[in-house]
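There are 2 protein chains.
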Amino acid sequence: KKQALVIGLGQFGMSVVRSLDDLGVEVMAVDSNAERVRYASEFAEEAVAFDATDEASLGKAGPKNRDLCVCAIGDEAREASILCTALLRQMGAARIIARAADPLHERILRLIGAHEVINPERAFGEWFATHLAFRNVRAEYPFGRAMTVSEVALPAAFVGRTLAELALPRKHGITIAAIQRGEDTVVTPRPDDPLEEGDVLIIVALKGRVAKLMERYE
Amino acid sequence: KKQALVIGLGQFGMSVVRSLDDLGVEVMAVDSNAERVRYASEFAEEAVAFDATDEASLGKAGPKNRDLCVCAIGDEAREASILCTALLRQMGAARIIARAADPLHERILRLIGAHEVINPERAFGEWFATHLAFRNVRAEYPFGRAMTVSEVALPAAFVGRTLAELALPRKHGITIAAIQRGEDTVVTPRPDDPLEEGDVLIIVALKGRVAKLMERYE
Ligand SMILES: Nc1ncnc2c1ncn2[C@@H]1O[C@H](COP(=O)(O)OP(=O)(O)OP(=O)(O)O)[C@@H](O)[C@H]1O
Ligand SMILES: Nc1ncnc2c1ncn2[C@@H]1O[C@H](COP(=O)(O)OP(=O)(O)OP(=O)(O)O)[C@@H](O)[C@H]1O
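In order, the protein sequences belong to chains A and B.
Per the working numbering, the first sequence starts with residue 1373, numbered consecutively.
Per the working numbering, the second sequence starts with residue 1373, numbered consecutively.
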């Protein structure tokens, strides 16, 4: 069973604890705030309140023996996040994921040894924007080098048309990976099936192609 | 051209401003912090510093004429976020997206009229967890009702095998939407093509299926 150490139980850290627990990972949840630790104890194998910049206490949590250490301390305690990350590296943690509050903080975290650095607010804002710009785009996320996968409500102009007629890959550079129709998910849509009102398309495409499509057909 | 009003230029709000600008949306960026407003002026059509709970100033920004209003004020000013959202609703904004700092804040924002409420940190933590639990899962995001789309490095056991042999839909309940091979993205993988080391699979599946697959083949 995998073991994770998660430090910092704000919205991001707590959500990581809960989700890792759901995935069968054994989690030790840490925060200097005892109330947040108490809340986490429902989902974490162990939940302990201590200052994660205190070397003795952090050492007892055995970072070296964890498959994964997450420093989820946020923008209200940047020095703590930097010091905690540095200590985890010093203690031989094999995989340290650190949260950055901005690009400068990110540079520092990488320099002092975080293996992965993330900025949840910034990433979410980028992904969320296509949905904001085009209401029919329910969600869009980045994949691979320059791809996106999008969930798109069928444009009115496509109702009753077939995939063969629409020639989406050739004409628009997009591929339909799946169609959600009512309760069902059709994972290999047939070329001669007419698309139906209410269909939701799961589209794989190069970055920006779906936005272009929506500009034309929204 | 679509018009957006974005209030609150922290990491999330600023990222929304930049991304909307990239998508060709006209943005007015607002923050009480003049320095953040100055930074946003590079990406926003208009960038103005004022207190978004001041009814007169907010009224001048014309929420009613915007396709979209985003209240991106964070957890450090919850009352401001609530008041600003309420004012936008009162002024007839057609589509208000409000950011919540926790579930209680979310309930309040919905009650006072936000059309959509989001919690970026919490959502990111949920999505990020599968990547944390299984290193071969580079990314996984939710789609539709209970689907996920995942980016997965090919498990060693599948190298040299063909999709026909592996019978992934039948045996594991997953569908390969695309394969990234080197620089290329193969969007309709052929059933008799052997999979190659280094391949990255884009997988469509019901929630939890990819995690099950990784438990078996990681
Ligand atoms: N030295 C420390 N040791 C342990 N926990 C800490 C330390 N410093 C801060 N924390 C905890 O990290 C958590 C998250 O940090 P912070 O409050 O900066 O971000 P947040 O904005 O509340 O988080 P989120 O955006 O995820 O909701 C808090 O619960 C805080 O108590
Ligand atoms: N009344 C207000 N009017 C306008 N802007 C405001 C008001 N109150 C707060 N803000 C701005 O909202 C922005 C984001 O809010 P806050 O500082 O609470 O969150 P944050 O944690 O910095 O944001 P993020 O997590 O997105 O980085 C800040 O730039 C702040 O100046």
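Don't be surprised by glycine CBs; every beta carbon is placed ideally from N, CA and C.
Checklist entry - Can you name, in chain order, every residue of its own chain whose Cβ lies under 7 Å from the Cβ of Arg1553/B, other than the five neighbours on each side? => result As a working note, residue 1553/B is residue 181 in the second sequence. If we look at Arg1553/B and ignore the five residues flanking it on each side, its Cβ neighbours are Glu1568 and Asp1571.
Next on the checklist: My parser needs the beta strand (DSSP E) runs of 3 or more residues fully inside the stretch 1523-1555 of chain B; what are they?
Outcome noted: 1546-1553
Item to check | Counterpart residues of Gln1375/A in DSSP-defined beta bridges | outcome: Along the first sequence, one-based indexing puts residue 1375/A at 3. Glu1398/A, per the DSSP bridge assignment.
Item to check | Residues near Thr1457/B in its chain [Cβ-Cβ closer than 8 Å; skip 5 each side] | outcome: The sequence position of residue 1457/B within the second sequence is 85, counting from 1. Residues of the same chain with a CB within less than 8 Å of the CB of Thr1457/B, apart from the 5 flanking positions on each side, are Cys1443, Ile1468, Ala1470, Leu1481, Ile1484, Gly1485 and Ala1486 in chain order.
Next on the checklist: Nearest by alpha-carbon distance to Tyr1411/A: which of Leu1395/A, Gln1383/A and Lys1436/A is it?
Outcome noted: For this step, residue 1411/A is matched to residue 39 along the first sequence. Cα-wise, what sits closest to Tyr1411/A is Gln1383/A.
Item to check | Cut-off 6 Å between Cβ atoms - residues of its own chain near Ser1429/B, not counting five sequence neighbours on either side | outcome: By one-based count along the second sequence, residue 1429/B stands at place 57. Taken in chain order, the residues that qualify are Phe1422.
Next on the checklist: So, with DSSP's three-state summary, where would you put Phe1415/A?
Outcome noted: In the first sequence, counting from the first residue as 1, residue 1415/A sits at position 43. Three-state DSSP puts Phe1415/A in coil, outside helix and strand.
Next on the checklist: Measuring only from the beta carbon, is Ala1495/B closer than 7 Å to any heavy atom that is part of ligand 1?
Outcome noted: Translated into positions along the second sequence, residue 1495/B becomes position 123. Ala1495/B Cβ: outside cutoff for every heavy atom of ligand 1.
Checklist entry - Does the beta-carbon of Arg1562/A have 16 or more other beta-carbons within 10 angstroms, so that it is buried, or is it exposed? => result For the purposes of this step, residue 1562/A is taken as the residue at position 190 of the first sequence. With fewer than 16 Cβ atoms within 10 Å of its Cβ, Arg1562/A is classed as exposed.
Next on the checklist: Strictly below 9 Å CB to CB, what residues from chain B border Phe1422/A?
Outcome noted: Locating residue 1422/A in the first sequence gives position 50, where the first residue counts as 1. Here the premise fails: no neighbours, minimum Cβ distance about 21 Å.
Checklist entry - Measuring from the CB of Ile1445/B, is there a heavy atom of ligand 1 at a distance below 7 Å? => result One-based indexing of the second sequence puts residue 1445/B at position 73. Outside the cutoff, so no.
Item to check | Inter-residue CB distance, Thr1386/A and Val1509/A (contact presumed, cutoff 8 Å) | outcome: Looking up residue 1386/A in the first sequence gives position 14. Looking up residue 1509/A in the first sequence gives position 137. For the sequence presented, residue 1386/A should be read as Met rather than Thr. Rounded, the Cβ-Cβ distance is 29 Å, inconsistent with contact.
Next on the checklist: In whole angstroms, give me the CA-to-CA distance for Ala1550/A and Gly1431/B.
Outcome noted: For the purposes of this step, residue 1550/A is taken as residue 178 along the first sequence, with counting starting at 1. For the purposes of this step, residue 1431/B is taken as residue 59 along the second sequence, with counting starting at 1. Rounded to the nearest whole angstrom, the CA to CA distance from Ala1550/A to Gly1431/B is 44 Å.
Next on the checklist: Nearer than 7 Å: is that true of the beta carbon of Ile1575/B relative to any heavy atom of ligand 2?
Outcome noted: Working through the second sequence from its first residue, we reach residue 1575/B at position 203. Outside the cutoff, so no.
Checklist entry - Got a sec: which bits of the stretch 1399-1417 of chain B sit with their beta carbon under 9 Å from any beta carbon on chain A, in order along the chain? => result Against chain A - using a Cβ distance shorter than 9 Å - the stretch 1399-1417 of chain B contributes no residues.
Checklist entry - Within 10 angstroms of its Cβ, does Glu1537/A collect 16 or more other Cβ (buried), or is it exposed? => result Locating residue 1537/A in the first sequence gives position 165, where the first residue counts as 1. Glu1537/A should be labelled exposed.
Item to check | Near-chain A residues of the stretch 1511-1541 of chain B - C-beta to any C-beta below 8 Å | outcome: Ala1511, Tyr1513, Pro1514, Phe1515, Gly1516, Arg1517, Met1519, Val1521, Glu1523 and Pro1541
Item to check | chain A contact residues for Ile1574/B, given Cβ-Cβ distances below 9 Å | outcome: For the purposes of this step, residue 1574/B is identified with residue 202 of the second sequence, where counting begins at 1. In chain order: Phe1515, Gly1516, Met1519, Val1521, Ala1549 and Val1576.
Item to check | C-beta neighbour in chain A for Thr1457/B, strict 8 Å | outcome: Within the second sequence, the letter at position 85 stands for residue 1457/B. No, Thr1457/B does not count as interfacial toward chain A.
Checklist entry - Can Glu1427/A and Met1400/A be called in contact, C-beta distance under 8 Å? => result To locate residue 1427/A, count along the first sequence from 1; it is residue 55. To locate residue 1400/A, count along the first sequence from 1; it is residue 28. Contact flag unset, no.
Checklist entry - Taking a cut of 8 Å between CB atoms, which residues from the stretch 1374-1386 of chain A lie near chain B? => result Lys1374, Ala1376, Gly1382, Gln1383, Phe1384, Gly1385 and Met1386
Checklist entry - Gly1497/B touches chain A at which residues, Cβ-Cβ below 9 Å? => result For the purposes of this step, residue 1497/B is taken as the residue at position 125 of the second sequence. Simply Gln1383, Phe1384, Gly1385, Met1386, Ser1387, Val1388, Val1389, Arg1390, Ser1391, Ala1444 and Pro1492.
Next on the checklist: So, at 6 Å on beta carbons, what are the nonlocal neighbours of Gly1446/B in its own chain, with the 5 sequence-adjacent residues on each side left out?
Outcome noted: In the second sequence, residue 1446/B corresponds to position 74, counting from 1. Contacts found: Gly1382.
Checklist entry - How many Å lie between Asp1394/B and Ala1511/B at the Cα? => result Counting from 1 along the second sequence, the entry for residue 1394/B is found at position 22. Counting from 1 along the second sequence, the entry for residue 1511/B is found at position 139. In a straight line, the C-alpha of Asp1394/B is about 23 Å away from that of Ala1511/B.
Item to check | Span separating the alpha-carbon of Val1389/A from that of Val1531/A | outcome: The residue you call residue 1389/A lines up with position 17 of the first sequence. The residue you call residue 1531/A lines up with position 159 of the first sequence. Roughly 43 Å separates the two Cα atoms.
Checklist entry - When the cut-off is 8 Å and only beta carbons count, does Ile1469/B lie next to chain A? => result In the second sequence, residue 1469/B corresponds to position 97, counting from 1. Judged by the 8 Å Cβ criterion, Ile1469/B is in contact with chain A.
Item to check | Integer-rounded CB distance, given that Glu1498/A should sit under 8 Å from Gly1516/B | outcome: Here residue 1516/B refers to the residue found at position 144 when the second sequence is read from its first residue. Here residue 1498/A refers to the residue found at position 126 when the first sequence is read from its first residue. About 21 Å separates the two Cβ atoms, so there is no contact after all.
Checklist entry - From Val1489/B, Gln1375/B and Leu1459/B, pick the residue whose C-alpha is nearest to that of Leu1476/B; which is it? => result Along the second sequence, one-based indexing puts residue 1476/B at 104. When Val1489/B, Gln1375/B and Leu1459/B are compared, the shortest CA-CA separation from Leu1476/B is found for Val1489/B.
Checklist entry - Taking Cβ to Cβ, would you say Asp1403/A is nearer than 8 Å to Val1397/A? => result The residue you call residue 1403/A lines up with position 31 of the first sequence. The residue you call residue 1397/A lines up with position 25 of the first sequence. No, the pair does not count as a contact, with Cβ atoms beyond the cut-off.
Checklist entry - Of all the options Glu1407/A, Ala1505/A, Leu1535/A and Ala1419/A, which has the alpha carbon lying nearest to the alpha carbon of Ala1376/A? => result Working through the first sequence from its first residue, we reach residue 1376/A at position 4. When only C-alpha atoms are compared, the closest one is Ala1419/A.
Checklist entry - What is the DSSP secondary structure of Asp1403/A, counted as helix, strand or coil? => result Along the first sequence, one-based indexing puts residue 1403/A at 31. Three-state DSSP puts Asp1403/A in a strand.
Checklist entry - So, are the CB atoms of Leu1392/B and Ala1501/A less than 8 Å apart? => result In the second sequence, the residue the question calls residue 1392/B occupies position 20. In the first sequence, the residue the question calls residue 1501/A occupies position 129. Between Leu1392/B and Ala1501/A, the CB-CB gap stays under 8 Å.
Item to check | Complete runs of the alpha helix (DSSP H) confined to the stretch 1424-1496 of chain A [at least 4 residues] | outcome: 1427-1432, 1450-1462 and 1475-1483
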